[in-house]
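Numbered per our numbering, the sequence shown spans residues 2 to 159.
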Amino acid sequence: MNFFYKRVDDGSFSIVEYEGNEKEVFIPKTHAGQAVTVLYDRVFRGHEEIVSIEIPDTVTDIGAFVFDGCSGLRSITLPARCKYLWQYAFCRSSIEEITLPEGIRTIAPFTFKDCRNLKKIVCNKGLVEIQARAFEGCSRDLEICHEEGLVISPSIFG
2 MNFFYKRVDD GSFSIVEYEG NEKEVFIPKT HAGQAVTVLY DRVFRGHEEI VSIEIPDTVT
62 DIGAFVFDGC SGLRSITLPA RCKYLWQYAF CRSSIEEITL PEGIRTIAPF TFKDCRNLKK
122 IVCNKGLVEI QARAFEGCSR DLEICHEEGL VISPSIFG
């Protein structure tokens, strides 16, 4: 498994590309002595063979289309320090359940677009909003576990 990196403004690193065909992927915590903090857009896009991914707690940002088309990916544990899930982060993946860490405040439009196997999402108490179309193309039977006061758009399914 090969990762390709780019330095981020704060001196940490972003993973910008992945080459491999492993079923289990382990993202490193560091590169060149600095933390890996970002999974850049499209890093794992179309890797149908991936069943599980271990993301270290150093990662704070998960970019757009990162897991797009990962049809083998059934579940994932997001790092406790994660703050941002960008639009389309999980689109067309096969995750069935996900728990959002405390730092995530918003679920952006299309984050889980066409995740047809998604059955349950556990929202953290820090989540303040689920925006329109966040779950477009998902089953309307999706169980959303959340705290009182969460603002949920009436059009989360599109």
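Positions of the beta carbon are idealized from the N, C-alpha and C atoms, including for glycine.
Taking the alpha carbon of residue i as the point to measure from, which residue in the options has its own alpha carbon closest?
i    : options              : result
L40  : A65, I105, D11, L128 : A65
L86  : E49, E103, P155, N3  : E103
S140 : C116, V152, E18      : C116
V52  : S76, G159, D142      : S76
A135 : H147, T31, S154      : S154
I56  : I28, A33, R82        : I28
V60  : P110, C92, S95, V9   : V9
S95  : G150, P110, G73      : G73
G159 : A109, V17, F14, F68  : A109
D69  : D58, G150, R93, T31  : R93
I16  : Q88, V37, L143, D58  : V37
What is the C-beta distance between residue i and residue j, in whole angstroms, given that I count them as a contact (C-beta under 8 Å)?
i    : j    : result
L119 : E97  : 6 Å
G138 : K114 : 5 Å
A90  : T112 : 5 Å
Quick one: what's got a C-beta closer than 6 Å to residue i's C-beta in the same chain, skipping five residues either side?
i    : result
D42  : G64, A65, F66
I145 : I122
H48  : C71
A33  : none
K7   : S15, V17
T107 : E130
D58  : P80, A81, R82
Excluding the five sequence neighbours on either side, which residues of its own chain have a C-beta within less than 7 Å of the C-beta of residue i, listed in chain order?
i    : result
G12  : Q35
H147 : C124, L128
What's the C-alpha gap between residue i and residue j?
i    : j    : result
P80  : D62  : 10 Å
F45  : K126 : 29 Å
T100 : I157 : 18 Å
E78  : I54  : Reading the sequence as shown, one finds Thr at residue 78 and not Glu. Their Cα atoms are separated by approximately 8 Å.
I105 : C83  : 7 Å
E149 : L143 : 18 Å
E23  : Q88  : 26 Å
G21  : K30  : 18 Å
Please go through the same chain and pick out, in chain order, the residues whose beta-carbon is closer than 8 Å to the beta-carbon of residue i, but skip the five residues on each side of it.
i    : result
Y19  : M2, N3, F4, F5, V26, V44, F45, H48
V152 : V129, E130, I131
E50  : N22, E23, K24, G73
Looking at chain B, is there any beta carbon in it that lies within less than 8 Å of the beta carbon of residue i?
i  : result
K7 : Absent here is chain B; the protein component of the structure consists of one chain.
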